[in-house]
Every structure is written in structure tokens, then in C-alpha cells.
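Heads up: the sequence shown at position 62 corresponds to 62 in the working numbering, and the numbers run straight through without jumps. By construction, the Cβ of each residue, glycine as well, lies at the ideal position given by its N, Cα and C atoms. Here the structure is a predicted model, which is why all the values come from computation and not from measurement.
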Amino acid sequence: MSAHQLRFGSASLIALAVAALSTPAYAQDQSADDAAAENPKEIVVTGSLIRGSREDAPAPIDVIGAEELSKQGSPSAIDLLKNLPNSAGIIGDANQFDARAQGNEGVASVNLRGLGPQRTLVLLNGKRIVQSGGSGIPIVDVNLIPSGAIGRIEVLKDGAAATYGSDAIAGVVNFITRTNQDGFRASADYRYISGSDGDYGGAISFGHSGEGGRIFVSAGYQRRSELQTVDRDFTIQPYPSNPQGGWTGGGNPGNFDFNATVGGLVFSADQGCTALGGFRSLAGSTTDRCFNQYGLFGNLVEPEERFQLFLDAEIDISESTNLRVNALWGHSETRITTSPSYLPTLPPSANAAFGGGGVFQIPTYAPALRDYCRVYGAAAGCLTDAGGTPLAPALAFPVLFRPVLLGGNPLFPGRGSATSPRISDQMMVSAELNTSLSDKLNFTTSLTYSRYERAFEGTDTYGDLFQNALAGFGGPNCAYSSTASRAGLTPTQLAALAGTNGCTYWNPFSTAVQSNPVTGNVNPNYAGSRGTNGLSTTPGAGLINDLATFDWMFQTPKTQAFTTQLVADAVISGQTGLTLPGGEVGFALGVQYRRNTYSRRYNDISNLDLTPCPGTPLNPAATCSPQTGALGFLGTNRNGNSKGDVWATFAELQLPITDALNVQLSARYEDYGGAVGSTFDPQARAKFQLTDWLAIRGGMGTTFRGPPSQSLEGNLTSLQIIGSSFRAIDINGNPNLAPESATTYNAGLLINTGGFRASIDYFKYDFSGPIEGEPVAGIVAAMFGASGTANCGNPTYAALQSRFTFTGAGCGIANVQRLRTTYVNSADVSTSGIDFSASYELPIGTGSVTAGFAGTYVIDYKTSDVTVEGVVVQPAFDGVGLLNYQTTAYPLPQWKGNAYLEGNFGNHSLRVQANYLDGYTDQRGAAIFGPNAGALAGASVTTGKNIESFTTVDATYRLKLNTGTTIAVSALNIFDKDPPFARLDQNYDPFTASPLGFTAKISITQDF
1 MSAHQLRFGS
11 ASLIALAVAA
21 LSTPAYAQDQ
31 SADDAAAENP
41 KEIVVTGSLI
51 RGSREDAPAP
61 IDVIGAEELS
71 KQGSPSAIDL
81 LKNLPNSAGI
91 IGDANQFDAR
101 AQGNEGVASV
111 NLRGLGPQRT
121 LVLLNGKRIV
131 QSGGSGIPIV
141 DVNLIPSGAI
151 GRIEVLKDGA
161 AATYGSDAIA
171 GVVNFITRTN
181 QDGFRASADY
191 RYISGSDGDY
201 GGAISFGHSG
211 EGGRIFVSAG
221 YQRRSELQTV
231 DRDFTIQPYP
241 SNPQGGWTGG
251 GNPGNFDFNA
261 TVGGLVFSAD
271 QGCTALGGFR
281 SLAGSTTDRC
291 FNQYGLFGNL
301 VEPEERFQLF
311 LDAEIDISES
321 TNLRVNALWG
331 HSETRITTSP
341 SYLPTLPPSA
351 NAAFGGGGVF
361 QIPTYAPALR
371 DYCRVYGAAA
381 GCLTDAGGTP
391 LAPALAFPVL
401 FRPVLLGGNP
411 LFPGRGSATS
421 PRISDQMMVS
431 AELNTSLSDK
441 LNFTTSLTYS
451 RYERAFEGTD
461 TYGDLFQNAL
471 AGFGGPNCAY
481 SSTASRAGLT
491 PTQLAALAGT
501 NGCTYWNPFS
511 TAVQSNPVTG
521 NVNPNYAGSR
531 GTNGLSTTPG
541 AGLINDLATF
551 DWMFQTPKTQ
561 AFTTQLVADA
571 VISGQTGLTL
581 PGGEVGFALG
591 VQYRRNTYSR
601 RYNDISNLDL
611 TPCPGTPLNP
621 AATCSPQTGA
631 LGFLGTNRNG
641 NSKGDVWATF
651 AELQLPITDA
661 LNVQLSARYE
671 DYGGAVGSTF
681 DPQARAKFQL
691 TDWLAIRGGM
701 GTTFRGPPSQ
711 SLEGNLTSLQ
721 IIGSSFRAID
731 INGNPNLAPE
741 SATTYNAGLL
751 INTGGFRASI
761 DYFKYDFSGP
771 IEGEPVAGIV
781 AAMFGASGTA
791 NCGNPTYAAL
801 QSRFTFTGAG
811 CGIANVQRLR
821 TTYVNSADVS
831 TSGIDFSASY
841 ELPIGTGSVT
851 AGFAGTYVID
861 YKTSDVTVEG
871 VVVQPAFDGV
881 GLLNYQTTAY
891 PLPQWKGNAY
901 LEGNFGNHSL
911 RVQANYLDGY
921 TDQRGAAIFG
931 PNAGALAGAS
941 VTTGKNIESF
951 TTVDATYRLK
961 LNTGTTIAVS
971 ALNIFDKDPP
981 FARLDQNYDP
991 FTASPLGFTA
1001 KISITQDF
């Protein structure tokens, strides 16, 4: 076949690949090492720019071949990464309640050493992939890497900035596609998961090598089905068992002051709280609160669809030059399933009817208040005249109620959960021209462009519209909605106009809620099922809420985030002609240019240039300082763009000092320009073969990560628990960020004798100036302490106190509306540990039995003091064996590993694997595990302080037929172990454990 014919045929092959989709197929006829041996020019060397590096070379590299993955039942990216011993804090399962995972629904990450996914460099065939800009943490979305095309995965467990540049602080994961496939391969799989429709997918690929060229194309599809929180009995716990387990003190039914003129502002629970499934503070508590369970409305697994197309073509342009082109397109669609509505953390402005007082107000004339006071009588605490007519309005702090919760969101059917889409599109194109200058020199130039687009929506309420509706001036057709239309009207005139001329009411009390759609609790005092003393039950008239009014005040903010990366490099490598006792010296010299861009676009609802103030929807001329936007909870911002150019030069030497001693030296200089500056990073590695079966290896070097564009400017808003409810946390960019850097050390021992192979490697990272968001839990603890007001008014804490926005009640943890934080070069980190693995293969007859294990033991993860506004908010600590909630570290069990027993006999293989995750401790203090005076009358909930270890057992049987068919059946988590209990929103830790329980999977692969 000629090169021209090969190019012409590629389009038709792609069309064939798109026509049929099947599951990821990892099976190969040969191991990764065998395939590489037959195709030496195809080896993508991870950790070196010079060909020849292997798994037992100076660099500590683990190779996970397609054959090994196939014998494990072709695990999903999430399963593989969570079981990887040297990883921690994996993003992939639904985890909307942790700021580090928010905005990443449908995205899967690699997080080596628990240093953060932004510090693991992810490559596809040795080329960089742009990171997502959808959240505050830049992440390469490995869900969009074409799993059906992967031949092997190489994991470099050491810093590698000298070789690859920025981001390779914790290590490198290189996904390498197959190059030896000849013909078609199709596959499909289905995974049974109790409570859901299961996960399924497929892939099809075609490969061909001919005279003058090679082509490989692959198409894949994967579907994850929804798994609701109510489908697992561990996810919803009573308040006294876990007050942090999805309970909020700002719900609906909410908390109100019904007699504002008597005794000041004292908020008490809506009397209909418990009838709808809420929890009310026990007698003897210091507050009377209604707590709502928002976890009922969430998901453990969000429904998700993913598509990938991949092309790898290589053409011999001449006898000495060949061109390789890779192209990737990936698309995913998922959603976030969340609370029916969020807290209105911003008080209504004076532009709203009865707004401007720092609280929401339900006027005395409102039918909802009149009815509520009559139904509950003296228990309601209303201030009334002799006839029961309210004499004082009902008042509500923004953080103590919301428009809807336990009754569900009327705009969304079923449970009434609010849902918002998350859509990702990724593309990557690379072209590499490889020229053999001589039998010893090679010149390579390449150009790689990648783009990631993340589109996501949210749901929130315009606070001023909500206040208008509480006062009877709501709805899309209200003639007196705008500020101008009510100008000059007296309270008496407003009372007469409310609920007329197209204006409607919103009833915020439990009397508007018929039932809890999840639990089935029926409200005996629902206004539509009892007498109302002559008050109208027409929807929108004041007692029963109407859909149009809610739709009018409920908004859909939309954001698009775009990241692009252009990489151009040129490398000359080969042999120097200089000879040492062990052989000829190898070298590589190169230059690289990278351009990174980041931009965000907001719709009118969430764009500060268009909607700058709470009052803007009612008064386009409204002013405010600071400009917060009109949304009650979610953040707003302005459209923004940023870019950065990086120039780099690098070099590498391979020095075969003797036959037994090989040394690798490398160095890189990168210049970011401007305020960021430049870095120089050297690295040295060596391997010494002591005997034919025993070797030692080690190395040290410096590595770095430049500040990403999205951290230098702009703003994001996350949702994090402060006190008993979620609050909005604004995370601002910082143009003064400097590159973070680390010095890395490793030393290891390699054994290979007979059927026994083993390795043990010590690692250490001394990390300086990591770029992090300021720790919310530390700021809150330092400011408020266990009392909730510990340092309010303390001059030393004045600057820290100014970071908070409070309700009209002033400084106190219960009164927090928002918190302002920023990205900083945070406290230094030092971590060390040991990686170990061993396997022994015993031949038996015509087959063999292999036993093996692999694991990581983390010795320490020490973080220095974190200071914010001159106050130490996070004292130095060692994060090993801790949950590290809302700190600068991820959950970090001390031990993590797996052990397996595998039999291979002819066409049959059976593998049984045990996966172990060590227990760890929730280091939070008395605020979580101490006396709960506000809701439990001083009782303490001490369970969950120690999060238990998690052990699961999997088994996979595989049959390879002579027809080219491979069938694999897997039983995963055979003993149906629930994840260990943790004092978190979903009652387990989504970063480390799996909520699925027992699952069964079948996969079929067919070669043609």
C-alpha cells in the first residue's frame, strides 16, 4: 500500500469505527514488553528522552499492560485509579460536597502520592493533554482518554520536570495506545449494580500495518447509570447518628422569628418540621432549629455518557523520515443532582418589597403567616391580637431557611432534586516528524494542540425576587414587581396591592408542603387538605405555591470554561560517539514552546457586568458595594481571559559507566516571563546491577509546577460546610503567584530470579510553596473556635474577620453568609514513604500459578503552619492516616495495596484479588465530636472519629477461544462490603472508597 493510499483510506476507516461502538478492550496477544520488543521504534519511553528505558531502569516505573488489565476484568478508570497503591484522593465518584471535587462531575483524575491531581502529569503517547478549567483545580480528564485503544499504562513514580517540564511534581502517567493490532477488534461489557440500570459500553478498533505506513483507529462509548443516595442504606443516617451526614439548619421547613418586637431576634423551628421528616432540636438545647436532610436528593453515581474517537497514523515519508499523527476527540455528558434549592445567603436589598433590613420578611398581611399562626396557635410563638391576627412579621436570616427543600423542587419531577448539566468536549491533535540523521542520531520535531471545553449550569434563586414573592409581589406578570412601580407607596398601600394585578405570593412555611417526595411523609397541616378559615387555596394566592412564581425567581446560571494548550518541541538524540566501559554515551538536547490559554464565559444571570447587584433584576440602576450579583448562593463573575507562554531548553545524558552501572543525568530550564519568572531543574538517577538477580537504583532532583492561568486571575465559588449548613466560598485568583517547586529523592532495590520478581522503593518529596486555596476549615476554626464566636471582635483577628460576610446578627459561625479566600503559595510540605511489590510464578504442568502483592506505605506527610491575614489558621501537622477534611491535604491512609492469586492454564485464567485500604482518623475536634449544645442538648456524637479499614475481594475468570473470542466474567466486592462510615455528607469518603457494594461484570471481545 502506498502512503497516498494509506492517507486516502483513513477517512473511511474512521467512519467504520464510528458505525459500531463497543467496550474497552485491553486484551492483546502479547504482553506489553513482547510487543515493544517486536516494534522497538514504537517504544514510548516514560522518564527519558532516550530510547531504552525499561521497568527496571533507573527511573521507578510501573508498567500496567493490557494483558494484566484484561485478567483484572478490564476495570474502569475509577476502579483502576482507586486501587492504585501509590494514588490517593481520587476524583471520579459523585462528591459535590467537597470543594476539591466540585465542578468535576463526570471527570476522573490521577493523584499520585496524594499531592493533588494538578501535580501528576498525564500523557497520551508521550504528549501533553490540556487540563480542564471547569473547577479550581486543573485536572486532566482521563475519562476521555480512549480506553479501548490503550496498550499499556506506564506510571513514573518520581518527579520528572527535568524531562517533561511543569506539572510532573508527583510523577507521570503515560497512556500508550496499541501499535501492533492487525484487523478489527470489537468488544462490549455490562456491569450489574444493585439499585441502578448498570454500567455498560463498547469499543471497536481497527489496525493495519503495510508497506510505508501504519494506521490504528478506535471508537468507544461508556454509560454509567444513576445510583441514588436512597439506594444504599448507609448514606442516609438520623441526625443524632451523624449531624454532618447531609443535615442543614437552613432548609424548608425553616426557622423564623415570629415576634420580632419581643425579646429581639430569636429564631425557632417551623412547627411542621418533623412531620415532613426533619429533625428538631432536642429539649434542653440552646437553639430551636429544624434540620433538613438534603442527602435524600443527591446521587452516589450520576448518569453519565462518554464517547471517544482516536486515530494513530504513521507514514514513511522517506527511508529516513516518518510522520506520526495522533488525533483524539472525546465528549461526555453528565449532571449534578442536588438540593431542591440553595440557601439565599445574601439578604434582600431595599429594591425588594420590605427588603433592606438584613433579613427576609413575611409581612403581617401575608396569608401564609396568618394561616400558620392560626394553625399552630400558641406553639407557633406568633405575636397576635385577640383574634389571632399577626401583629409582627415573620423574619428569617438568609442562612436559616430557603425556598424549597423537603417538599422537592416543583420544576423537577420525581424526587424533586434540582439537576444541572455538565458537558465536556476534548480534542487533541499531534504530529511528530522523526528523522534518522544517521545510524546514531535522530531528530524529532512535534506539534501538539489540545482543547478542553467545560459547560456547566447551576440552579439558584434571585434573593430580591424571593423577597418580593414573600410580600405578595411575585410572579412574571406582577404589575408592582419593579422598584419603580412601588416607589412612594405606604405599607398600607402595599398591603392592599399585594397579591393583586397579576402579583402572587410564595408561602415559605411547611403549610405549603403536601409531602416529602422521597420518604413519603405526608404533612397533616398542608393547606390544601384542610380548612383555611376563608383564605384562598388558589395557587399563588398565598397558601399553596404555584409553579409560575417559583420559575420566575428560580434561575439557571451558566458558565463555559475553555482551556487550550499548544506545545511545539524539537529534540535531537542518539549516541555521542563517546564510549565508557559500559558502552556508548547517549544524549538528548531539545527546546520546547508552550502556550496555555484559559477563558470563562458567563450568561446574563451570573455575569457581574450585566447583573451586578441583588437589586438589579428589579431595578437596573441598583448599586451595591461590593458587587455580589443577584444570585442568593452561587458565585457570579465577569468574563475573563488569560494566557501564558513558556520557553524551555532541556538536555539528558545516559552514561553507561560500566556494564553494571548506568547513570542518567537531565536538566531543564523554563522561562514563564513576567512576574512568574523562570526555573532550572536538574535530576540524576542511577542503577547498579550488583548481581545477575539483584540491582539497586536511586536518584534525586528538583521539579516544579508553574501557576496555571485560572489561578492567576478570576473567581470561583465553592460550597462548603460552615457551622451546620453549606455556605458560599469565593476563591479569588492571585496574579502574584510564584511557581511551586520540590526536591525529590528515591532509592530502590530490584530482584529478579527464576520466577520471583520484587522491588522496593523509598521516595521523599520536599515541596516548597504549593499553590493552594486557603484552607476553609482552618480559617473557620481559628475565627470562631468551639464556642462559635471565640475571636469575634479580637483586634488581632480583624483582618481575618473581614474575610467573612455576616447576617445582621453580626460575627458568629451561625451568621456566616460568605467567605472570601484566595489562591496562595501555601505552606511547605514534606512527604516520604515506601512502594513495594513482589510476585512469584510457579509452573504447573502446561500452565502456571502466580501470587503477588503491591502496596505503598506512607511514612509522613508534614505540612508547615498555614497563615492567613497574620493568623495561623492551620497549625503544622502530619497528614498521614488522617481524613484531612477541608485542609491543604487529601485523605491519606498510611497503608494501601492489593494481593492476588492467578492461575493460567491454556485458554483459561482465573484471578482473585484482595484490595486493602488502611483505616484513618478524622482529625476534626470538639466542633464535630464534642458536645452539641445547639441541637442535642449537649450530647456528643463520637462515632466516625476513626474511619475503619476497607477490604474488598474481586475475582475474574477469562476464557480465550481459538475463534478470537475472549470472554471475561468478574465478581467485584464479592462480600458486598459497605464503605467505612465517615462523618461526611454521604456518610462515607468518596475520595477513597466505593459506594457500589457487590457488582458483577461480563465482557466479550472479538478479534476479526
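- Here D645 is bridged, per DSSP, to R595.
- Annotation: W506 is outside any beta strand (DSSP E) and is labelled neither H nor E by DSSP.
- Judged by their CB atoms, A1000 and P979 are not nearer to each other than the 7 Å cut-off.
- Taking C-beta atoms under 8 Å as the contact rule, F1008 and F310 fail to qualify, at a distance of about 19 Å.
- Within the same chain, L121, R705 come within 6 Å of D167 by CB-CB distance, once the 5 residues on both sides are set aside.
- Nearest C-alpha to L566 among L441, G644, G272: G644.
- By a beta-carbon distance limit of 8 Å, I91 contacts S109. Their separation comes to about 4 Å.
- The stretch 637–651 makes contact with the stretch 590–599: 3 or more CB pairs, one atom from each, lie closer than 8 Å.
- One thing to note: G213 has its Cβ no nearer than 7 Å to the Cβ of G148.
- For W895, the uninterrupted beta strand (DSSP E) segment begins and ends at 895–905.
- With a beta-carbon spacing of about 7 Å, L323 and A431 fall inside the 8 Å limit used to define contacts.
- The criterion of a C-beta distance shorter than 7 Å is satisfied by N521 and G277.
- Distance check between D141 and each of V824, H331, G897, A386 places H331 closest, using alpha-carbon atoms only.
- Excluding sequence positions up to five before and after A101, its CB lies within less than 6 Å of the CB of I91, N95, all in the same chain and listed in chain order.
- Per DSSP, the unbroken alpha helix (DSSP H) holding V776 starts and ends at 776–784.
- Under DSSP, V567 forms a beta bridge with T448, R594.
- Under the criterion of beta carbons closer than 8 Å, V301 and D79 do not qualify as touching, at roughly 13 Å.
- In the three-state reduction of the DSSP assignment, D316 falls in the strand class.
- In the DSSP assignment, E68 is bridged to no other residue.
- One alpha carbon belongs to Q986, the other to G133, and they sit about 26 Å apart.
- Assigned with DSSP and collapsed to three states, S970 falls in strand.
- Proximity to T658 across Y669, F688, R668 peaks at F688, based on C-alpha coordinates.
- In the DSSP secondary-structure assignment, F587 is bridged to G574, L653.
- Taking a C-beta distance under 7 Å as the contact criterion, Q720 and A99 qualify as a contact pair.
- In the structure shown, Q1006 adopts extended strand secondary structure according to DSSP, grouped into three states.
- K71 counts as buried, since no fewer than 16 other beta carbons sit within 10 angstroms of its beta carbon.
- About 6 Å separates the CB atoms of A527 and T537; that is less than 8 Å, so the two are in contact.
- Bounds of the alpha helix (DSSP H) holding I928 are 926–929.
- Just measuring C-alpha positions, the residue of G906, V872, K764, F806 sitting nearest I779 is V872.
- At a cut-off of 3 residues, the continuous stretches assigned as beta strand (DSSP E) that sit fully inside the stretch 316–365 are 321–338, 360–362.
- DSSP, read as helix, strand or coil, puts T821 in strand.
- Rounded to the nearest angstrom, the Cβ distance from C290 to N259 is 18 Å, too far for a contact under 8 Å.
- Proximity to F97 across G997, F991, T1005, S1003 peaks at F991, based on C-alpha coordinates.
- Following the DSSP letters along the chain, one finds N662 inside the beta strand (DSSP E) bounded by residues 661–671.
- Proximity of the stretch 931–943 to the stretch 272–287 meets the contact definition, three or more beta-carbon pairs being nearer than 8 Å.
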